[in-house]
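What follows is a set of notes on a single structure, which appears directly below.
There are 2 protein chains.
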Amino acid sequence: MIAPARAASPQNVLREDLPLPLCVLRGGAIERNITRFQRFTESSGVLLCPHAKTAMSPALFGRQLAAGCWGLTFATCAQLEVARRHGVPRVFYANQLVGAADIRYVCDELRRDPGFDFYCLADSVPGVRLLASRVADADPGRPVNVLVEGGLAGGRCGVRDAGTAVAVAEAVHAAGPHLALAGVEGFEGLAQYRDPGRREADVREFLGFLVRIAETLDGRGLFPAGQVLLSAGGSAFYDLVIDQLKAARLSRPHQVIVRSGCYLTQDWGAYASLQADLQQRTGSAGPVLEPALEVWAQVLSVPEPGLVILSAGRRDFGQDAGNPVALTHVRRGTTERRPLSDSGWQMTAVSDQHAHMTVPPGHGAEVGDLIALGPSHPCTTFDKWRVVHLVDDDYTIIEAISTCF
Amino acid sequence: MIAPARAASPQNVLREDLPLPLCVLRGGAIERNITRFQRFTESSGVLLCPHAKTAMSPALFGRQLAAGCWGLTFATCAQLEVARRHGVPRVFYANQLVGAADIRYVCDELRRDPGFDFYCLADSVPGVRLLASRVADADPGRPVNVLVEGGLAGGRCGVRDAGTAVAVAEAVHAAGPHLALAGVEGFEGLAQYRDPGRREADVREFLGFLVRIAETLDGRGLFPAGQVLLSAGGSAFYDLVIDQLKAARLSRPHQVIVRSGCYLTQDWGAYASLQADLQQRTGSAGPVLEPALEVWAQVLSVPEPGLVILSAGRRDFGQDAGNPVALTHVRRGTTERRPLSDSGWQMTAVSDQHAHMTVPPGHGAEVGDLIALGPSHPCTTFDKWRVVHLVDDDYTIIEAISTCF
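Protein chains in written order, with this note's numbering: chain A, 1 to 405; chain B, 406 to 810.
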């Protein structure tokens, strides 16, 4: 590894102790977000099972589990395997479980570790039959828990009508010794990409659909004894998820599981704006979440009066929910931070390893200066880094956190 | 790691021996691309210094060096550090060298290893002064080689006029014991994003600008004794680069260096189309390059008649140069490949871990089937994977190749 400048003393981002760009997590914000969201779900009477695909960081899994979350959520077999290698005992696999190798792996883990608690989704009769037959071949020694997935029309996976949900649940029921019906699931978050004026109504309608599926399956006696699980996403609309899923009228007890992933870091774009909507809906009753993720880069060139080229590009931050915003300017050789919000800096083009910033006259940036960028949608920034640096308020590095994508 | 199904026999992608999605490199195509492009540059009388940031794979560095390339190109200090850890002796750092930690690292390597041959870029007098002062502090024991970078107006780094180039070269000259002027460089590839009708003319004009800089610096006696290096990118326009840079009229010998990265794998989108343009310009005189990079995923759901959801998303392939195209369909449980080109399959939406395919009636896809996707722009697919699988023509895995992003 690259030798630090001052191996004996703590390394600092602003002092250029390490090469840039760097991905930085503000430690205080992370700790507060974890604590606040955990307390909020507890006081709301729901279970928190954070989507851990966001950061895929065992060090953060540990902090979330230590704060008391019910389990962790993952979306692929490769992610699940990381979780199990790091001892995560309960996994909500928020996806269809289809692949031969994936199902073999899950069954091997279920057989190997009696303490492993696992839930996955199904949305079609052929999918259930394939799963059941592959589970039968792999022989895990106990049934695999399955929730019926409800889906948004034009969206992703999930049944589009209650009739199909019944057929799927009956197929699970018929696969008796191999599968067990555990509840109903959906991901309302896709609605965030729809027209802002329709979002809330679309989410309410979709959550109503999930409740209707649960009530229908319950009415037909398709759930086994014990409690029923009702789960939705929850990063952008957790207020609606909690209200509506808790209000389901079933003949037996049910538990609501929210799976928010982005509460951990918030962001500087899409989720910041969705959070503002949420605060407005709830009258600020929800937890205050702070943006924690930053990418620090350096000014490489000021080749034209209104153009600044930075040393971070599309391989260093996500752009799927908009380009990062400029947050902070630090003059090379100092540690004084000048805020860049409302400064008129804009990322107008991006290369693999460079960001092209259009800047106003008097921008004051010189070659070698440091610039912090604030990404939108944390998931696609985390996955660009093998190590993110947890820092204190002065950007001294507290911990190098590995990711396992 | 996830235990393979048949540890003793070779693993095969189509047989689902490993969980999907997987990133696959077709071994035959890679070997042929490396050989053909190397031979082509040799017969053209230029040096090949491939941009190795594309794959960041030491196993591929080794194959390119073994085929006879002059050196390897990198863009960041983190990449350089990977190269040096894997014994790459000659590095063209196709970027401004600015950061304090970066310059310390380069100087430490220059001092530690007399066989390390290193070249970097400069495009401003303040940048040269900063570099010189940091090199002086770090004391590498020999000068750092610098090329003056010429840039496209409205583009990225690089001087915009010959006058600035002279000032930069004079500043390098003035930093005598610490820096040495090695040549002139530019990246013409940004022109590929411009209007197709203007591209060739823009590239020709830009290459003419680089030649003019070189001739001007030569006329002023700013180059030290020995040969002058002239370098440009070369993935999309190597014919023009070779023609024009070779034709520079200098008072001393000069060598042309092309730095193509994408020849290694070609692609199924942007570079395929640029390659077609190139073949048309050259009357097919250039090397035939074959697309080698594929992402294999699985059908998770067919939730609506015209919608197929796959188990790979924006975390598995790049989208900056367009969405991947559907290449191949394999019915679950078989290994027969049905081509999907011209089948009407289209990726119309993407989630972090899913691709949403709009498909025509009679698409024939069922839950559990395998689908190969062909990405555009290899760089942003490679960087999503820690391991890519080199396969033979039957998709049996020959080698698991690590990437080091």
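All C-beta atoms in this analysis are idealised placements derived from N, C-alpha and C, irrespective of residue type, glycine included.
All values derive from a computational prediction rather than experimental measurement.
Distance check for Leu307 (chain A) and Ile397 (chain A), CA to CA, integer angstroms please. Position 397 of the first sequence, counted from the first residue, corresponds to residue 397 (chain A). Position 307 of the first sequence, counted from the first residue, corresponds to residue 307 (chain A). Spanning the two alpha carbons is a distance of roughly 31 Å.
Taking the alpha carbon of Gly767 (chain B) as the point to measure from, which residue in B:Val573, B:Leu745 and B:Gln660 has its own alpha carbon closest? On the second sequence, residue 767 (chain B) is found 362 positions in, with the first residue counted as 1. That would be B:Leu745, whose Cα lies nearest to the Cα of Gly767 (chain B).
Going by DSSP in three states, Glu804 (chain B) sits in which element: helix, strand or coil? As a first step, residue 804 (chain B) must be located in the second sequence, where it is residue number 399. In this structure, Glu804 (chain B) counts as strand in the three-state DSSP scheme.
Can you list the residues of chain B that Phe405 (chain A) reaches, using a CB-CB cut of under 9 Å? One-based indexing of the first sequence puts residue 405 (chain A) at position 405. In chain order: Arg720, Lys789, Trp790 and Arg791.
Does Asp798 (chain B) pass the burial test, meaning 16 or more other C-beta atoms within 10 Å, or should it be called exposed? Position 393 of the second sequence holds residue 798 (chain B). Burial call: exposed.
When you compare the CB of Asp394 (chain A) with every CB in chain B, is at least one pair closer than 8 Å? As a first step, residue 394 (chain A) must be located in the first sequence, where it is residue number 394. No - not a single Cβ of chain B is within 8 Å of the one on Asp394 (chain A).
By the criterion of Cβ-Cβ separation under 7 Å, what are the contact partners of Asn33 (chain A) in chain B? Counting from one through the first sequence, the residue named residue 33 (chain A) turns up at place 33. By Cβ distance, chain B contributes nothing, its closest Cβ being about 20 Å from Asn33 (chain A), past 7 Å.
Could you work out which residue in B:Gly666, B:Ala596, B:Arg599 and B:Val589 is closest to Val633 (chain B) when comparing CA atoms only? Your numbering for residue 633 (chain B) matches position 228 in the second sequence. Of B:Gly666, B:Ala596, B:Arg599 and B:Val589, the residue nearest in Cα terms is B:Val589.
In the DSSP assignment, the beta strand (DSSP E) including Gly591 (chain B) goes from what residue to what residue? Here the question's residue 591 (chain B) lines up with position 186 in the second sequence. Start and end: Leu584 to Gly591.
Around the C-beta of Thr739 (chain B), are 16 or more other C-beta atoms found within 10 angstroms, so that it is buried, or is it exposed? For the purposes of this step, residue 739 (chain B) is taken as residue 334 along the second sequence, with counting starting at 1. Label assigned to Thr739 (chain B): exposed.
Nearest CA to the CA of Val13 (chain A): which residue from A:Val146, A:Glu336 and A:Val168? Residue mapping note: residue 13 (chain A) aligns to position 13 of the first sequence, counting from 1. It is A:Glu336.
Any chain B beta carbon closer than 8 Å to Ile309 (chain A): Position 309 of the first sequence holds residue 309 (chain A). At least one chain B Cβ lies under 8 Å of Ile309 (chain A).
State the DSSP-derived secondary structure class of Val451 (chain B), mapped to helix, strand or coil. Sequence index remark: in the second sequence, residue 451 (chain B) carries index 46 (1-based). DSSP places Val451 (chain B) in coil when its eight states are reduced to three.
Residues bridged to Ala506 (chain B) by DSSP? In the second sequence, the residue the question calls residue 506 (chain B) occupies position 101. Bridge partners of Ala506 (chain B): none, in fact.
Out of B:Leu635, B:Gln416 and B:Cys428, which one is the CA nearest neighbour of Val793 (chain B)? Counting from 1 along the second sequence, the entry for residue 793 (chain B) is found at position 388. Minimum Cα distance to Val793 (chain B) is reached at B:Cys428.
Could you check what DSSP says for Asn145 (chain A) in three-state terms: helix, strand or coil? One-based indexing of the first sequence puts residue 145 (chain A) at position 145. Strand, per DSSP.
Going by other Cβ atoms of all chains shown within 10 Å of its Cβ, with 16 needed for buried, is Val646 (chain B) buried or exposed? Along the second sequence, one-based indexing puts residue 646 (chain B) at 241. Label assigned to Val646 (chain B): buried.
Does the distance from the CB of Asp108 (chain A) to the CB of Cys77 (chain A) come in under 8 Å? Translated into positions along the first sequence, residue 108 (chain A) becomes position 108. Translated into positions along the first sequence, residue 77 (chain A) becomes position 77. No.
Counting C-beta neighbours from all protein chains within 10 Å, is the total for Gly186 (chain A) 16 or more, i.e. buried, or is it exposed? Residue 186 (chain A) sits at position 186 when you count from the first residue of the first sequence. Burial call: buried.
Thr35 (chain A) to Arg249 (chain A), Cα distance in whole Å? In the first sequence, counting from the first residue as 1, residue 35 (chain A) sits at position 35. In the first sequence, counting from the first residue as 1, residue 249 (chain A) sits at position 249. Taking the straight line joining both Cα atoms gives about 31 Å.
Buried/exposed call for Glu399 (chain A), threshold 16 Cβ in 10 Å: Residue mapping note: residue 399 (chain A) aligns to position 399 of the first sequence, counting from 1. The residue in question, Glu399 (chain A), is exposed, as its Cβ has fewer than 16 Cβ neighbours within 10 Å.
Quick one: Cα of Tyr643 (chain B) to Cα of Ala558 (chain B), how far? Here residue 643 (chain B) refers to the residue found at position 238 of the second sequence. Here residue 558 (chain B) refers to the residue found at position 153 of the second sequence. Cα-Cα distance, rounded: 21 Å.
With burial defined as no fewer than 16 other Cβ atoms inside 10 Å of the residue's Cβ, what is the status of Pro780 (chain B): buried or exposed? Mapped onto the second sequence, residue 780 (chain B) falls at position 375. Looking at its Cβ environment, which holds 16 or more other Cβ atoms inside 10 Å, Pro780 (chain B) is buried.
Val693 (chain B) classed as buried or exposed, judged by whether at least 16 other C-beta atoms fall within 10 angstroms: Locating residue 693 (chain B) in the second sequence gives position 288, counting from the first residue. Answer is exposed; the Cβ neighbour count stays below 16.
Cβ separation of Leu25 (chain A) and Thr265 (chain A), assumed to be a contact under 8 Å, to the nearest whole Å: By 1-based counting over the first sequence, the position of residue 25 (chain A) is 25. By 1-based counting over the first sequence, the position of residue 265 (chain A) is 265. That belief holds up - the Cβ atoms of Leu25 (chain A) and Thr265 (chain A) are roughly 7 Å apart, short of 8 Å.
What is the DSSP secondary structure of Ala760 (chain B), reduced to helix, strand or coil? Against the second sequence, residue 760 (chain B) aligns to sequence position 355. Correct three-state label for Ala760 (chain B): strand.
Would you mind giving the Cβ-Cβ distance between Arg686 (chain B) and Phe405 (chain A), rounded to the nearest angstrom? I have them listed as a contact below 8 Å. Numbered from its first residue, the second sequence carries residue 686 (chain B) at position 281. Numbered from its first residue, the first sequence carries residue 405 (chain A) at position 405. That pair is no contact at about 40 Å.
Please classify Ser9 (chain A): is it buried, with 16 or more other beta-carbons within 10 angstroms of its beta-carbon, or exposed? Position 9 of the first sequence, counting from 1, holds the residue named residue 9 (chain A). So Ser9 (chain A) counts as exposed.
Can you list, in chain order, the residues of its chain with a C-beta nearer than 8 Å to that of Pro708 (chain B)? Leave out the 5 residues immediately preceding and following it. Indexing the second sequence from 1 puts residue 708 (chain B) at position 303. Within the same chain, Pro708 (chain B) has close Cβ partners Ile714.
So Arg199 (chain A) is in the alpha helix (DSSP H); what residue range does that whole segment cover? Indexing the first sequence from 1 puts residue 199 (chain A) at position 199. Looking at the DSSP string, the run of the alpha helix (DSSP H) that includes Arg199 (chain A) is Pro196 to Gly219.
Indicate whether the contact test is met: 3 or more Cβ pairs, each with one atom in the stretch 514-521 of chain B and one in the stretch 489-506 of chain B, closer than 8 Å. yes
Count the other C-beta atoms from every protein chain shown that fall within 10 angstroms of the C-beta of Gln751 (chain B), then say buried if there are 16 or more, exposed otherwise. Looking up residue 751 (chain B) in the second sequence gives position 346. With fewer than 16 Cβ atoms within 10 Å of its Cβ, Gln751 (chain B) is classed as exposed.
Pick from B:Thr478, B:Gly688, B:Pro729 and B:Pro463: whose alpha carbon is nearest that of Ala702 (chain B)? The residue labelled residue 702 (chain B) in the question sits at position 297 within the second sequence. Nearest option by C-alpha distance: B:Pro729.
Name, in chain order, the residues that DSSP records as bridge partners for Ala122 (chain A). As a working mapping, residue 122 (chain A) is identified with position 122 in the first sequence. In the DSSP output, where bridge partners are listed per residue, Ala122 (chain A) has A:Val148.
When burial is assigned at 16 or more other CB atoms within 10 Å of the CB, is Pro355 (chain B) buried or exposed? Because residue 355 (chain B) is not part of the residues shown, which for chain B are 406 to 810, the question remains open.
What separation, rounded to the nearest whole angstrom, lies between the Cα atoms of His491 (chain B) and Ser260 (chain A)? By 1-based counting over the second sequence, the position of residue 491 (chain B) is 86. By 1-based counting over the first sequence, the position of residue 260 (chain A) is 260. For His491 (chain B) and Ser260 (chain A), the distance between alpha carbons rounds to 40 Å.
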